[in-house]
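Chemist: When the letters of the sequence shown are read in order and numbered with the working numbering, they come out as residues 200 to 520. Even glycine gets a Cβ: it sits at the ideal position worked out from N, Cα and C.
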Amino acid sequence: MRPPCRPLPADGRFLQAIAPTPLVPVRLDPEGPTIWCKLEFLNPSGSTKDRIARYMLEKAWRLGELQPGGEVVEASSGSTSIALALASAQMGVRFTAVMPEGVTDERVLTIRAYGGDVVLVPRAEGVRGAIAKAEQIARERKAFAPRQFENPDNAEAHRVWTGQEILSQIPGGLVHGVVSGVGTGGTVVGLYQAFAEAGCPVTAFIARPIAGLGCDIECCSFSPRVPGVVDGMSKLYRDSDMPGRVELDVSDEEAMCTARALIRRGFPVGPSSGLNYVAAVEASRRLGPGAQVVTVFPDRMERYFSTELIQHRPAPPRVVA
Ligand code: PMP
């Protein structure tokens with residue numbers, strides 16, 4: 200039997216409201232289309248994952264699966280761990296992130312800044328090793344495991360929240376194309392459902408970063424240069440129903456260059472925003488003039504300070520005689 204629905208803690212620390220993030224029209228190429236971009240990097244912990252972290256923990260709290268003084272454990276080296284660390288701190292529960300060795304210092308330090316613990320598994324064990332370790336910790340400590348790759352509340356957060364914001368922000372409430380890379384698939388599945396249920400004639404476009412380099416991370420046949428976007432991990436995505444969805448391959452180099460161009464336009468984003476923007480331009484070209492195409496800028500550039508996004512060496516300036 201389900202435990203009784205419990206009220207949320209009313210002490211003001213709990214998951215402060217996340218204001219609607221702006222939806223802005225962006226055109227990098229003066230000849231190219233305008234893309235509607237949702238600035239999700241403006242969420243409190245710096246990514247769109249604040250929404251799913253809040254939504255999944257709130258649900259678990261109400262159902263009594265997460266108790267006062269309890270613990271949350273998740274296998275994620277990405278933005279979800281950072282967002283869960285903040286949401287857990289706000290709820291006054293403990294948080295442990297499990298991830299493979301080799302993740303950037305920025306990520307580990309950000310989780311620790313929010314009071315979370317980080318458990319590292321050997322790099323060779325990869326994402327699967329991290330998931331197995333997180334399951335073990337959850338069992339042993341009776342911790343709540345959100346399991347973002349299979350938790351329907353992940354997509355649900357975007358369906359009832361991010362998607363409704365976009366519908367109220369975009370002219371005429373009309374979306375023809377929604378574009379995103381897939382990590383868990385929560386973003387694209389939830390947004391697609393929101394737009395389809397609102398009666399929009401919407402097509403989902405899945406951005407796939409294709410590696411110019413090899414990939415040494417287990418479970419990932421996509422480019423490691425675009426963290427957060429992986430291939431074949433997500434049950435949520437595999438089980439989803441998005442008729443007519445289109446997969447678009449994007450060179451990882453173009454994704455990186457576009458992210459840098461966006462940064463210099465005033466959008467301090469990470470690589471997956473570049474990926475999404477490039478794919479959205481192609482989606483717009485395929486849908487034709489007048490189509491309103493939406494994409495998401497998922498996270499912030501500060502998360503990539505030690506990576507080639509920022510550390511690359513631009514070509515030296517040309518010598519002018
Ligand atoms: N970009 C970044 C930076 C991410 O961390 C993620 C999620 N891991 C995604 C894109 C993909 O989003 P989703 O998990 O909703 O498919």
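#1: What separation, rounded to the nearest whole angstrom, lies between the Cα atoms of V225 and A482?
#2: How big is the Cα-Cα spacing for I409 and G301?
#3: Measuring straight from C-alpha to C-alpha, what distance separates S278 and G427?
#4: With a threshold of 16 other CB atoms inside 10 Å of the CB of D440, please say whether the residue is buried or exposed.
#5: Give the straight-line distance between the Cα atoms of V318 and L390, rounded to the nearest whole angstrom.
#6: Tell me whether A323 sits in a helix, a strand or coil according to DSSP, three-state version.
#7: With DSSP collapsed to three states, give me the class of S367.
#8: Within the continuous alpha helix (DSSP H) that includes V477, where are the two ends?
#9: For A395 and V401, I'd like the C-alpha separation in whole angstroms.
#10: Going by DSSP, which residues form a beta bridge with V378?
#11: Does the beta-carbon of G465, which I'm using as the reference point, lie nearer than 7 Å to any heavy atom of the ligand PMP?
#12: Here's the rule: buried if 16 or more other CB atoms are within 10 angstroms of the residue's CB, otherwise exposed. What is V230?
#13: Could you tell me how far apart the beta carbons of V374 and V381 are, in whole angstroms, since I believe they sit closer than 8 Å?
#14: Counting Cβ pairs, one atom from each stretch, are 3 or more of them under 8 Å apart for the stretch 344-355 and the stretch 460-470?
#15: Along the chain, where does the alpha helix (DSSP H) that runs through S244 open and close?
#16: For E270 and A286, I'd like the C-alpha separation in whole angstroms.
#17: Determine, using beta carbons only, whether V449 comes closer than 8 Å to chain C.
#18: Excluding the 5 residues flanking C419 on each side, which residues of the same chain have their C-beta closer than 7 Å to its C-beta?
#19: For P224, list the residues DSSP reports as bridge partners.
Modeler: The short version:
#1: 14 Å
#2: 21 Å
#3: 8 Å
#4: exposed
#5: Cα atoms of V318 and L390: separation of roughly 32 Å, rounded to the nearest angstrom.
#6: Collapsing the DSSP output to three states places A323 in a helix.
#7: Note: S367 maps to helix in three-state DSSP.
#8: 470-486
#9: Rounded to whole angstroms, A395 and V401 show a C-alpha spacing of 6 Å.
#10: F404, T494
#11: no
#12: One point to set straight first is that residue 230 is Glu, not Val, in the sequence displayed. E230 is exposed by the Cβ-count criterion.
#13: Taking 8 Å as the upper bound for CB-CB distance, V374 and V381 are not in contact here, some 18 Å apart.
#14: no
#15: Note, S244: premise wrong, no alpha helix (DSSP H); not H, not E.
#16: 12 Å
#17: No chain C appears in this structure, which consists of one protein chain only.
#18: Residue placement at C419 is flagged as unreliable, the pLDDT there being 43, under the threshold of 50; a coordinate-derived value is accordingly withheld.
#19: W235
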